[in-house]
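Q: Can you read through this structure? Questions will come right after.
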Amino acid sequence: MRVGVEVGGTFTDLVMVTDGRIRVTKVPSTPARPDEGALAAIDAASVDLSAVDDLVHGSTVATNAILERKGARICLFTTAGFRDVLFLQRHSRRRIYDLFYRKPEPVLHRRDIFEIQERMGSDGRAVRALDPATAEAAIRTALAGGDYEAVAICFLNAYADPAHEAAVAEIVRRLRPELNVTCSHDVCREFREYERSSTTTLAAYVQPVIERYLNRFAAALKAGGHAGRFSVMQSNGGRLPADAMGRNAITSLFSGPAAGVIGAARMAARAGFAEVITLDMGGTSTDVCLVEGGRPSLIGETEIDGLPIKTPVIDIATVGAGGGSLIWIDDGGLTRVGPHSAGADPGPACYGRGGKAATVTDAHLVRGTIRGESFLGGRMALDMEAAAVALREQAGKLGLEPVQAADAAIQIADANITQAIQRISTERGKDPRDYALLAFGGAGPMQAARIAEDLGLRTVLVPPHAGVLSAWGLLASDFVHYAAQTRRLPVAPDSLPEIRATLESLSAEVQAYLRDLGLTDPPRLTATLEMRYLGQAFEIPVEAELAALLAMDAAALSAAFDRAHHQVFEFSKGGGAAEIVSFRVGAAVAPAALPDLAQDAEAATPPRPIEIFERGRRKACTLLPRSALAAGDPPRPGPLLVEDGTSTIYVPDGWTAAVGEAHCLVMRRAQDNQEDSSR
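Each residue of the sequence shown is one higher than the one before, counting from 1 in UniProt numbering.
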């Protein structure tokens, strides 16, 4: 038996696989204590924890700790003269016309940053040696002045030689063994001091929070009889055993969205689609990602609340346009959607939990694209009158009826999501029309077809149980670990031995790490080289299988970089002098194969006519359960409203829907069907 539990902003989703059968459950989240929502889902699914061999968990605990500034009380030890790196940051100004713009606030005060007399050069040689006695005296004074839970250590150029950091960490652990200690060389062995300092500080900030959360959750599982493997999802699209995650919490920041992307990529491959754009529209936000060749893009740096984090993450763009996103009118009289959300508590007005503000879910209910009596398969009733009241005040200000205001808000949400997809496609040299759109999450399938139209896409895929695909993605994810190292080397024949030696060293490191966790199956090894032309300030990633990179000569490496550079900037130097700045190697061990996420067999209720309001007019529409659509049936024309228990799928006029491979619902624009038949 395998169980995946994903805690979202509004709902907690569970997928259970046992004896080749799949069971799904969706319950409201408990934002104050996410583990309670996860345990509630386990109880609602009647899971026998003693029979669970593999339980995988994804949550937003680390993300929320940073966003809400509820992490641990930490201090930072840094090289003398570099106390203000976290406050100086970069020259970039994110909002150039905002007269009141302020840089992102670090998660600790300046008074909690202490200098240590030491200095490493960028070549790894000690410019100023560390004196242990002087360092210990400074550490004693610093720790005596604050009630700290964790310590971050980030010294200048420690990526080149971590000896000074390791020595200071040993002193801290000897003086205060109860403190969590995070060193930069353990979480980020790459250059750029501000980004490395930020990553180390944030890692220390969330470490005690994640450890307490996982310990609490693991204890509850053990009390329920669970003795199997307990894993946690990472931002890079892979999972690790919870014990390992407790020592590397920063990698769990975006575990929920990453699980969704992995589930979508795996499902798309089973349906016969290797090039897709994933659209995960949940309760608080919408996440989109580009998947090429069956794999999502991976980037080496991201940010949260404006603070940079250098760790491999799936390249996901997020926009505040989820089902719980608030609909509001700005000072100029224009309707806006998000980024703020009603979340799970109190939630949309129609949930009847005290929410008064209008949300995207309320808008769908008012215009008819959600049916209140069958929400979540009829397990949760929605209040139409409360939704209408929430929209009425705004509609009055705009001179509209509530249903018109609801329709306008959904079109605005569509536009916001369209822009997010353009950021990960058009703005990076990718034509979105070359991809299918795979929609999931509770709200994604309702809006996917219109978003696809706006982008010129011809095909939309909706997997079975689309509302809980992220939980299925937890179980479908590999065990993954990455190691990175900054090392500047020119792309030249003389450098090839050192380039290959660095890749092989990182490969040995990640494989040893997974073996130490008890994962002995042969891993799939990938590598990324961060490269640039000489004189450039920033790098372009060149990614390939490790064996392929090791086999390349200098000319092949240079050509691969030229292609990657041209993809982003539409030009390349064609063999111009280039260099490698950083190396990254990843190892992945696949779990046991999963059965398809098939829809439960059930008696199909007959289709019935309904009326919806969409794109400014009332339309006759057919309401039917997903079980009424069978593989082999001819494509069915819209408008259709298809309910699958965890989400609702809207097939507009001009589109058709049919069941394809892996039980996915394949929606196509009608003119494309005609073109295919004419050929």
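For each residue, glycine too, the CB sits at the ideal point set by N, CA and C. The model shown is predicted, which means the values in this text are computed figures rather than measured ones.
Could you round the C-beta distance between R102 and E118 to whole angstroms and report it? I think they count as a contact, below 8 Å.
A: Taking the first residue of the sequence shown as position 1, residue 102 is located at position 102. Taking the first residue of the sequence shown as position 1, residue 118 is located at position 118. Actually they do not touch by this definition, with Cβ atoms about 32 Å apart.
Q: Distance, Cα to Cα, M1 vs V17?
A: Position 1 of the sequence shown, counting from 1, holds the residue named residue 1. Position 17 of the sequence shown, counting from 1, holds the residue named residue 17. Their backbone Cα atoms lie some 6 Å apart in a straight line.
Q: Could you round the C-beta distance between L438 and L279 to whole angstroms and report it? I think they count as a contact, below 8 Å.
A: As a working note, residue 438 is residue 438 in the sequence shown. As a working note, residue 279 is residue 279 in the sequence shown. The pair is a contact, with the Cβ atoms about 7 Å apart (cut-off 8 Å).
Q: For K70, count neighbouring Cβ atoms within 10 angstroms of its own Cβ and tell me buried if that reaches 16, exposed if not.
A: The residue you call residue 70 lines up with position 70 of the sequence shown. Exposed.
Q: When the distance is taken between beta carbons, is K356 closer than 8 Å to E195?
A: Working through the sequence shown from its first residue, we reach residue 195 at position 195. Working through the sequence shown from its first residue, we reach residue 356 at position 356. Their beta carbons are not under 8 Å apart, which means E195 does not touch K356 by this criterion.
Q: Runs of 3 residues minimum, wholly inside the region 614–660: which ones carry the beta strand (DSSP E) assignment?
A: 617–625, 640–643, 648–651, 655–659
Q: To test your reading of the DSSP string, which unbroken alpha helix (DSSP H) runs of 4 or more residues are found completely within the region 491–559?
A: 496–516, 546–551
Q: Between the region 161–177 and the region 485–495, do three or more beta carbon pairs fall short of 8 Å?
A: no
Q: Can you tell me where the beta strand (DSSP E) with N215 in it begins and where it stops?
A: Here the question's residue 215 lines up with position 215 in the sequence shown. Careful: N215 lies outside any beta strand (DSSP E), inside the alpha helix (DSSP H) at 193–223.
Q: Opposite K26 in the DSSP bridges: which residues?
A: Indexing the sequence shown from 1 puts residue 26 at position 26. In the DSSP assignment, the residues bridged to K26 are D13.
Q: Taking DSSP as the reference, what is the three-state secondary structure of S231?
A: By 1-based counting over the sequence shown, the position of residue 231 is 231. Strand.
Q: Which residue's Cα is closest to the Cα of A405: T426, T182, G616?
A: Position 405 of the sequence shown, counted from the start, is the residue given in the question as residue 405. For the residues T426, T182, G616, the minimum Cα distance to A405 belongs to G616.
Q: Please work out which residues of its chain come closer than 6 Å, Cβ to Cβ, to G37, disregarding the five sequence neighbours upstream and downstream, and give them in chain order.
A: Residue 37 sits at position 37 when you count from the first residue of the sequence shown. Closer than 6 Å at the Cβ level, and outside the excluded window around G37, lie V7, T12, S29, T30.
Q: Pull the bridge partners of W328 from the DSSP assignment, please.
A: Taking the first residue of the sequence shown as position 1, residue 328 is located at position 328. Its beta-bridge partners are R336.
Q: In or out: S678 buried (at least 16 other Cβ within 10 Å) or exposed?
A: On the sequence shown, position 678 is the one that residue 678 refers to. Because the pLDDT at S678 is just 36, under 50, the model does not fix this residue reliably, and the value given afterwards should be weighed accordingly. It counts as exposed.
Q: Flag this pair as yes or no: are the beta carbons of R450 and D414 separated by less than 8 Å?
A: In the sequence shown, residue 450 corresponds to position 450, counting from 1. In the sequence shown, residue 414 corresponds to position 414, counting from 1. Against a cut-off of 8 Å, the Cβ pair of D414 and R450 comes out as a contact.
Q: Taking only three categories from DSSP, how would you classify D676?
A: Along the sequence shown, read from residue 1 onward, the residue named residue 676 stands at position 676. Here the model assigns D676 a pLDDT of 43, short of 50, so the residue's position is not dependable, and the following value carries that caveat. If DSSP states are grouped into helix, strand and coil, D676 belongs with the helices.
Q: Could you compute how far the alpha carbon of R668 sits from the alpha carbon of P609?
A: Against the sequence shown, residue 668 aligns to sequence position 668. Against the sequence shown, residue 609 aligns to sequence position 609. Taking the straight line from one Cα to the other gives about 22 Å.
Q: According to DSSP, which residues form a beta bridge with S341?
A: Taking the first residue of the sequence shown as position 1, residue 341 is located at position 341. Partner(s): S325.
Q: In chain order, what residues of the same chain have a beta carbon less than 8 Å from the beta carbon of T335, not counting five sequence neighbours either side?
A: For the purposes of this step, residue 335 is taken as the residue at position 335 of the sequence shown. These residues qualify, in order along the chain: I327, W328, I329, Q394, L398, A405, A408, A409, I412.
Q: Return the CA-CA distance between I116 and Q207, expressed in angstroms with no decimal places.
A: Counting from 1 along the sequence shown, the entry for residue 116 is found at position 116. Counting from 1 along the sequence shown, the entry for residue 207 is found at position 207. Going by the C-alpha atoms only, they are around 23 Å apart.
Q: I'd like to confirm the pairing. Which residues does DSSP put opposite Y482 in its beta bridges?
A: On the sequence shown, position 482 is the one that residue 482 refers to. Per DSSP, G586.
Q: Does V107 come out as helix, strand or coil in the three-state DSSP assignment?
A: Here residue 107 is taken as the residue at index 107 of the sequence shown, counted from 1. Coil at V107, not helix or strand.
Q: Expressed to the nearest angstrom, what Euclidean distance is found between the alpha-carbon atoms of A137 and V168?
A: Position 137 of the sequence shown, counted from the start, is the residue given in the question as residue 137. Position 168 of the sequence shown, counted from the start, is the residue given in the question as residue 168. Whole-angstrom Cα-Cα distance: 11 Å.
Q: Any idea which residues DSSP pairs F77 with across the strands?
A: Working through the sequence shown from its first residue, we reach residue 77 at position 77. DSSP lists F114, I153 as the bridge partner or partners of F77.
Q: Have a look at I649, A631, P637 and flag the residue whose alpha-carbon is nearest the alpha-carbon of H663.
A: Start at 1 with the first residue of the sequence shown, and residue 663 comes out as number 663. Of I649, A631, P637, the residue nearest in Cα terms is A631.
Q: Assign L175 to one of two classes, buried (16 or more other C-beta atoms within 10 Å of its C-beta) or exposed (fewer than that).
A: Here residue 175 corresponds to residue number 175 of the sequence shown, with the count starting at 1. L175 comes out exposed.
Q: What separation, rounded to the nearest whole angstrom, lies between the Cα atoms of A204 and P312?
A: Reading the sequence shown from its first residue, position 204 is the one you call residue 204. Reading the sequence shown from its first residue, position 312 is the one you call residue 312. If you take the alpha carbons of A204 and P312, they lie about 17 Å apart.
Q: CB-CB under 8 Å to L240, same chain, minus the five flanking residues each way: which ones, in chain order?
A: As a first step, residue 240 is located in the sequence shown; it is residue number 240 there, counting from the start. For L240, where only same-chain residues beyond five positions count, the Cβ hits under 8 Å are S231, V232, Q234, N248, T251, F479, V480, H481, L517.
Q: Counting only the same chain and skipping the five closest in sequence on each side, list residues whose C-beta sits under 6 Å from that of T318.
A: The residue you call residue 318 lines up with position 318 of the sequence shown. For T318, where only same-chain residues beyond five positions count, the Cβ hits under 6 Å are S285, D287.
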